[in-house]
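Report on one structure; see the data block that follows.
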Amino acid sequence: MGGPARDRLLRVRKWLIPRRGASAPMVLAVDAGNYKVAFGLFDGMGPPTRTLALTRESLEAGSLPERLDHALEAMESEAESIQGACVASVVPSLTGALASALAGICGQVLVLDWQSAPGITIRYEPPSDLGPDRIANAIALYEMYGGPACAVDLGTATNFDVVTATGDFAGGAIAPGLATSAQSLFERAARLRDPGLKPPDSALGRSSAHCLRSGILLGYGGLIDRLVQLLEAEAGPFSSVVATGGLAELVAPLCRSIHRVHPHLTLEGLNIAYHRWQE
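Take the sequence shown: its letter number 225 is residue 916 in the working numbering, and every next letter is one higher.
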């Protein structure tokens, strides 16, 4: 990629907290995961005004610029109203194409990674292994909840992201996602059938479906509680443990350790990063 498109593909190199009352551009945040691509439109700071989720397969089918135009239409927005975008992508084959297409639509594009993380010290080895979605979670987590704190992002994998009292990314843990684990079990065990993700009324199962729901859902709540306990013992008492991701609303009530659900934490972290850079 070269020429004007490359010039518009900017990386975060500085950070400043936005001034209150300053005019803010409409920002498009894009969180490209292994299965799903989430979009959020922001008019200043705070929660997104509109959101949209597409499967990665549907986004990659056909012309990417056209698919992005359709996504904006679905969010009742036009490219002319968007002054910039911030992207976190864990799919290397999609990152460059997505950023280039967005540059043609929005103008300025921030591609978040370990080198461009705004205002955060990353304690991770090697830092290049740290996913940009986790960086965005850490930025939003500390900005909104302080630290030490932990974000639990429930997606294809479940990421535990810990920030310190000074906002550093301290590390965390990665576990197989709830749905990922369950699907693997059903593919390998011929006699077991998917019972659905409905939490059971009791742990003691008296049918195979009940036993599976108990083990998968209640057991996963126990996994989260135990990992949070171990992480907290090393990082210090958490001011907040915040769940996000596609399964957060389902799993959070099954955990004792989760304090609140923040559905769009990753998108909000991307928006914060963009505004820091713009100021």
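Each residue gets a CB set at the ideal place from its N, CA and C atoms; glycine is no exception. Here the structure is a predicted model, which means the values were calculated and not measured.
If you draw a straight line from the Cα of G837 to the Cα of A808, it comes to about 17 Å. In this structure, DSSP gives M766 a state outside helix and strand, which the three-state scheme calls coil. Ranking Y726, A792, D804 by CA distance to the CA of A964 puts D804 first. In this structure, H955 places its C-beta atom within 7 Å of the C-beta atom of G731.
DSSP, reduced to helix, strand and coil, places S780 within a strand of the structure shown. Non-local beta-carbon contacts of L821 in its own chain, meaning distances under 8 Å to residues more than five positions away in sequence, involve W805, I813, Y815, F860 in chain order. Taking a C-beta distance under 7 Å as the contact criterion, F929 and C841 qualify as a contact pair. With contacts defined by Cβ atoms closer than 7 Å, A790 and V802 form a contacting pair. Within the same chain, I963 come within 6 Å of E834 by CB-CB distance, once the 5 residues on both sides are set aside. When P891, L745, Y911 are compared, the shortest CA-CA separation from A939 is found for Y911. When the beta-carbon positions are compared, L845 and V942 come within less than 7 Å of each other.
Straight through space, the alpha carbons of K727 and G936 are spaced by roughly 11 Å.
Between the alpha carbons of L908 and F851 lies a gap of roughly 18 Å.
Going by C-alpha positions, T857 is about 31 Å away from T742. Counting the other Cβ atoms within 10 Å of the Cβ of L895 gives fewer than 16, which makes it exposed.
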